[in-house]
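Participant: Numbering (the working numbering), first residue to last: 15 to 587.
In this text, a Cβ means the ideal position worked out from N, Cα and C, and glycines have one as well.
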Amino acid sequence: MANVHWTGHSFVDAGLAAIAAATKVQRLEDLTPFCLEDAVKKLQDVLLSDQALGLGVQRAFARGAMSQIFPNSELVNPSHWRGRSEREKADHVRKKFRAALQADLQRAILCLQSEGGDEICYACGEQRPFEAMVSVRQDKMPLLEGIVNFYPAFAYGVRICGLCALSVRFLPLSVMRTGVYNRLWFLHTQALAIGAAVAQRYGWQHFNGAIARNEALDFFSHWQTAGDAGTVLYLLCELLGQFGDQLRAVYQSPLPTTAYLFSNDNRGSYVQALPVPNELLTFFAKLQVGSQRAFQRFWQDLFQVPEGLNDRERKARIGFVQSVANKLLQSDSIVGDCLDHKSPKLRGGWLGHWLYLREVREMPTAKLAILERLGLAIAKSDDAKKRIDTLRTEQRNELYGVLLQYVREGWLKHDEFYTLLPPSDYASASEVRDILLAVIYEWQYCQEQDEEFPVLAEAAELRPDETLQRLQQIGEQLLARLPNLSRWIGQLQTARSSDRIRGTYLNAVRNGAMRFADFVFLAPLGDRQRLWLLRDYLLAFLFDRARETLPEEEIAVGTEVLTEAETFDGGEA
15 MANVHWTGHS FVDAGLAAIA AATKVQRLED LTPFCLEDAV KKLQDVLLSD QALGLGVQRA
75 FARGAMSQIF PNSELVNPSH WRGRSEREKA DHVRKKFRAA LQADLQRAIL CLQSEGGDEI
135 CYACGEQRPF EAMVSVRQDK MPLLEGIVNF YPAFAYGVRI CGLCALSVRF LPLSVMRTGV
195 YNRLWFLHTQ ALAIGAAVAQ RYGWQHFNGA IARNEALDFF SHWQTAGDAG TVLYLLCELL
255 GQFGDQLRAV YQSPLPTTAY LFSNDNRGSY VQALPVPNEL LTFFAKLQVG SQRAFQRFWQ
315 DLFQVPEGLN DRERKARIGF VQSVANKLLQ SDSIVGDCLD HKSPKLRGGW LGHWLYLREV
375 REMPTAKLAI LERLGLAIAK SDDAKKRIDT LRTEQRNELY GVLLQYVREG WLKHDEFYTL
435 LPPSDYASAS EVRDILLAVI YEWQYCQEQD EEFPVLAEAA ELRPDETLQR LQQIGEQLLA
495 RLPNLSRWIG QLQTARSSDR IRGTYLNAVR NGAMRFADFV FLAPLGDRQR LWLLRDYLLA
555 FLFDRARETL PEEEIAVGTE VLTEAETFDG GEA
């Protein structure tokens, strides 16, 4: 006897998850002919109910929403709605649908009872007997070309096995609508615990609840969120919140998960895939394990569109949720979007953002520890307001000077400065600023709530790479050999052009404090961006090691006019 298994076909697999939810099996391999018969009865109870066919309610789900999945099928085709009364029309449709469903059921059972065959199923790839195969078109399988009354001559559709054909019949029990825009979507995953939970909660329970209340059926859409990505992430958080004990292990060892937005309407079909990063599922699970309160705060602050907002507030909130959700699905930085400068407040909380930065953004714990310590130092300082305003308002290319000033004041070490702003990621300056503000805002929020700030990161030993080691060697030579170190540092930190920086280095070469090879390393021809970066790293080392001899001059930011490409890459502006 053949076993049921995942096919990799998104529509078929979503239907299999709905069958598993209806029969409460823990594995697809446990599905038997009896299970299929039981699931078919439950499907008929939903799709052939008075509420689905529009009897005694305002609209017919079968002729309306279902046409976006199975156009011109037994439930939708106008020619099947024949009779003198609505009841007669519904009875005729029920007869048509039951006959078609029973035929699919018998072919599906034959698939389970057979080993091999002469034909290969287009959907699952299994070899099946000829009698267990059926030709399907767009009315039975979404996104296939041609429908039953309008397909080209001699184009009779695609051959699939009865088990796959029956599974697709259950697809509507896994389909939902997105928030605000009401687009149809479903979650494709081969983690049965997740797929079955979605079908049970948002399919079977939702439809049976509407039938019990004698309400017209429609796909689940009662989300307090907005947009496509927002709905997907809201669902994943809601599932974890409701079924955490059963699903947490699945989230922590996730299988590929993709949300599909689609329509199979005759007027125009489409499909859009929204892959969910595995790291994001792991992050949600770890956040909930770490703190249920932090998990709820992250979920509500980032994905929820609450009731009671006026039009302007609602529009702004919808825009925020859509933007952040899209960035989360791309594993992009979100901390800057979550800073509320008016409150001030960090939406989502520091614990959630810290874990997201570590698990999804893969930020080293050592870097997080430096930022956390520096942010708390700024928040607790006597001139905190001035320092916070500087962080908020400085341009990205000026942030290097801001952080250099912290090295000069002894709040950062040179290797910490290098870790925060590595040469391989010039754009990281903006994210560093945002994380510092996030720590500051969270500390202020904790003070208002009379709570303790959750210090999360532990300091780690920093190991210099080849570039930093070279800079340290050059810096040690300058400290040992320059006759007027303070004046030389002043010239370097006030230089506002590449030529001035090179001239300062040449003076060091002339005085025997720098080798020619070091000059070439620090001032590479044709790469002004790297020249300025290496200058800042060298200054950080000198500020750290020669603090007692430092001049009072301000640290200059480059004022040269760069090409469009250099400015885009983050060169001096």
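Could I get the ranges of all uninterrupted beta strand (DSSP E) runs contained in the region 119-154, with 3 residues as the minimum, in chain order?
Facilitator: 147-150
Participant: How far does the alpha helix (DSSP H) with Cys352 in it reach, from first residue to last?
Facilitator: Residue mapping note: residue 352 aligns to position 338 of the sequence shown, counting from 1. That residue, Cys352, is in no alpha helix (DSSP H); it is neither H nor E in DSSP.
Participant: Can you round the beta-carbon distance between Leu417 and Ile503 to whole angstroms, since I take them to be within the 8 Å contact cut?
Facilitator: Locating residue 417 in the sequence shown gives position 403, counting from the first residue. Locating residue 503 in the sequence shown gives position 489, counting from the first residue. The pair is not a contact, with the Cβ atoms about 17 Å apart (cut-off 8 Å).
Participant: Starting from Tyr216, trace the beta strand (DSSP E) in both directions and tell me its first and last residue.
Facilitator: Position 202 of the sequence shown, counting from 1, holds the residue named residue 216. Unbroken run through Tyr216: none, as it is neither H nor E.
Participant: So, is Arg524 buried or exposed, given that buried needs 16 or more other C-beta atoms within 10 angstroms?
Facilitator: The residue labelled residue 524 in the question sits at position 510 within the sequence shown. The residue is exposed, with fewer than 16 neighbouring Cβ atoms inside 10 Å.
Participant: Under 8 Å: do the region 250-266 and the region 298-318 share three or more Cβ pairs, one atom per stretch?
Facilitator: The region 250-266 vs the region 298-318: in contact.
Participant: Along the beta strand (DSSP E) that carries Val172, what are the first and last residues, could you check?
Facilitator: Numbered from 1 along the sequence shown, position 158 holds the residue referred to as residue 172. Unbroken beta strand (DSSP E) run through Val172: 172-175.
Participant: Would you identify the three-state DSSP class for Ser24, choosing helix, strand or coil?
Facilitator: Taking the sequence shown and counting its residues from 1, the one referred to as residue 24 is at position 10. Reduced to three states, the DSSP call for Ser24 is helix.
Participant: Residue ranges of each alpha helix (DSSP H) run of no fewer than 4 residues wholly in the region 257-336, ordered along the chain?
Facilitator: Runs of the alpha helix (DSSP H) lying entirely within the region 257-336, each at least 4 residues long, are 258-266, 292-304, 306-317 in chain order.
Participant: Within 10 angstroms of the Cβ of His236, are there 16 or more other Cβ atoms? Answer buried if so, exposed if not.
Facilitator: Residue mapping note: residue 236 aligns to position 222 of the sequence shown, counting from 1. It is exposed - the Cβ of His236 has fewer than 16 other Cβ atoms within 10 Å.
Participant: What's the gap between the Cα of Leu499 and the Cα of Pro538?
Facilitator: For the purposes of this step, residue 499 is identified with residue 485 of the sequence shown, where counting begins at 1. For the purposes of this step, residue 538 is identified with residue 524 of the sequence shown, where counting begins at 1. Distance from the CA atom of Leu499 to the CA atom of Pro538, rounded to whole angstroms, is 23 Å.
Participant: Which value, in whole angstroms, describes the spacing of the CA atoms of Glu472 and Val182?
Facilitator: Mapped onto the sequence shown, residue 472 falls at position 458. Mapped onto the sequence shown, residue 182 falls at position 168. Cα-Cα distance, rounded: 51 Å.
Participant: Taking the alpha carbon of Gly255 as the reference point, which residue from Phe298, Ala273, Ala137 has its own alpha carbon closest?
Facilitator: Here residue 255 corresponds to residue number 241 of the sequence shown, with the count starting at 1. Answer by Cα proximity: Phe298.
Participant: In angstroms with no decimal places, state the Cα-to-Cα distance between Lys427 and Leu206.
Facilitator: Residue 427 sits at position 413 when you count from the first residue of the sequence shown. Residue 206 sits at position 192 when you count from the first residue of the sequence shown. Roughly 50 Å between the two C-alpha positions.
Participant: Among the residues of its own chain, which have a CB less than 7 Å from the CB of Gln458, if the five just before and after it don't count?
Facilitator: In the sequence shown, counting from the first residue as 1, residue 458 sits at position 444. Pro358, Ala393, listed in sequence order.
Participant: Closer than 6 Å by C-beta to Leu492: which residues in its own chain qualify, once you throw out the five before and the five after it? Chain order, please.
Facilitator: By 1-based counting over the sequence shown, the position of residue 492 is 478. Same-chain partners within the cutoff: Ala527.
Participant: Can you tell me which of the three DSSP states Arg112 falls into?
Facilitator: In the sequence shown, the residue the question calls residue 112 occupies position 98. When secondary structure is reduced to three states using DSSP, Arg112 falls in the helix class.
Participant: Please report the straight-line C-alpha distance between Ala76 and Tyr440, rounded to a whole angstrom.
Facilitator: Taking the first residue of the sequence shown as 1, we reach residue 76 at position 62. Taking the first residue of the sequence shown as 1, we reach residue 440 at position 426. Their Cα atoms are separated by approximately 56 Å.
Participant: Taking the beta strand (DSSP E) that Trp601 belongs to, which residues open and close that run?
Facilitator: Residue 601 is absent from the model: the chain starts at 15 and stops at 587.
Participant: Does the distance from the C-beta atom of Val349 to that of Asp558 stay below 7 Å?
Facilitator: Here residue 349 refers to the residue found at position 335 of the sequence shown. Here residue 558 refers to the residue found at position 544 of the sequence shown. Their beta carbons are not under 7 Å apart, which means Val349 does not touch Asp558 by this criterion.
Participant: Taking the alpha-carbon positions, what's the Val374 to Thr192 distance?
Facilitator: Along the sequence shown, read from residue 1 onward, the residue named residue 374 stands at position 360. Along the sequence shown, read from residue 1 onward, the residue named residue 192 stands at position 178. Answer to the nearest angstrom: the Cα atoms are 25 Å apart.
Participant: Does DSSP put Lys359 in a helix, a strand or coil?
Facilitator: Looking up residue 359 in the sequence shown gives position 345. Strand.
Participant: Given this structure, state the Cα-to-Cα distance separating Leu450 from Gly489, to the nearest angstrom.
Facilitator: As a first step, residue 450 must be located in the sequence shown, where it is residue number 436. As a first step, residue 489 must be located in the sequence shown, where it is residue number 475. When rounded, the distance between both Cα atoms is 28 Å.
Participant: Are there 16 or more other CB atoms within 10 angstroms of the CB of Lys55, so buried, or fewer, so exposed?
Facilitator: Counted from its first residue, the sequence shown places residue 55 at position 41. Lys55 is classed as exposed because its beta carbon has fewer than 16 other beta carbons within 10 Å across all chains shown.
Participant: May I have the straight-line CA-CA distance separating Asp479 from Gln487, to the nearest angstrom?
Facilitator: One-based indexing of the sequence shown puts residue 479 at position 465. One-based indexing of the sequence shown puts residue 487 at position 473. In a straight line, the C-alpha of Asp479 is about 12 Å away from that of Gln487.
Participant: Any heavy atom of the ligand ADP closer than 6 Å to the CB of Gly78?
Facilitator: No copy of the ligand ADP occurs in the structure displayed, which carries no ligand at all.
Participant: How many Å lie between Lys154 and Ser283 at the Cα?
Facilitator: Position 140 of the sequence shown, counted from the first residue, corresponds to residue 154. Position 269 of the sequence shown, counted from the first residue, corresponds to residue 283. So the alpha carbons of these two residues sit roughly 14 Å apart.
Participant: Identify which residue in Thr407, Pro270, Asp513, Tyr455 has its Cα closest to the Cα of Glu386.
Facilitator: Here residue 386 is taken as the residue at index 372 of the sequence shown, counted from 1. The candidate whose alpha carbon is nearest that of Glu386 is Tyr455.
Participant: Quick check: the Cα distance between Arg326 and Ile332, rounded to an integer number of angstroms?
Facilitator: Within the sequence shown, the letter at position 312 stands for residue 326. Within the sequence shown, the letter at position 318 stands for residue 332. The alpha-carbon atoms of Arg326 and Ile332 are separated by roughly 10 Å.
Participant: Using 7 Å as the threshold, is the C-beta distance between Thr404 and Ala474 below it?
Facilitator: Translated into the one-based positions of the sequence shown, residue 404 becomes position 390. Translated into the one-based positions of the sequence shown, residue 474 becomes position 460. Cβ atoms of Thr404 and Ala474: not closer than 7 Å.
Participant: Since Arg191 sits in a beta bridge, which residues does DSSP pair it with?
Facilitator: Along the sequence shown, one-based indexing puts residue 191 at 177. Partner(s): Leu198.
Participant: Let me know the secondary structure DSSP gives Gly517 once reduced to three states.
Facilitator: If you number the sequence shown from 1, residue 517 lands on position 503. Three-state result, Gly517: helix.
Participant: For Gly241, which residues does DSSP report across the bridge?
Facilitator: Position 227 of the sequence shown holds residue 241. Partner(s): Gly193.
Participant: Looking at the strands, I want to know which residues DSSP matches up with Phe234.
Facilitator: Translated into the one-based positions of the sequence shown, residue 234 becomes position 220. Per DSSP, Met190.
Participant: Give every residue of the same chain whose Cβ lies closer than 8 Å to the Cβ of Gly258, excluding the five residues on either side of it in the sequence, and list them in chain order.
Facilitator: In the sequence shown, the residue the question calls residue 258 occupies position 244. In the same chain as Gly258, and ignoring 5 residues on each side of it, the C-beta atoms closer than 8 Å to its own belong to Gln302, in chain order.
Participant: In this structure, how does DSSP classify Tyr569 when only helix, strand and coil are distinguished?
Facilitator: Residue numbering aside, residue 569 sits at position 555 when the sequence shown is read from its first letter. According to the sequence displayed, residue 569 carries Ile and not Tyr. Three-state DSSP puts Ile569 in coil, outside helix and strand.
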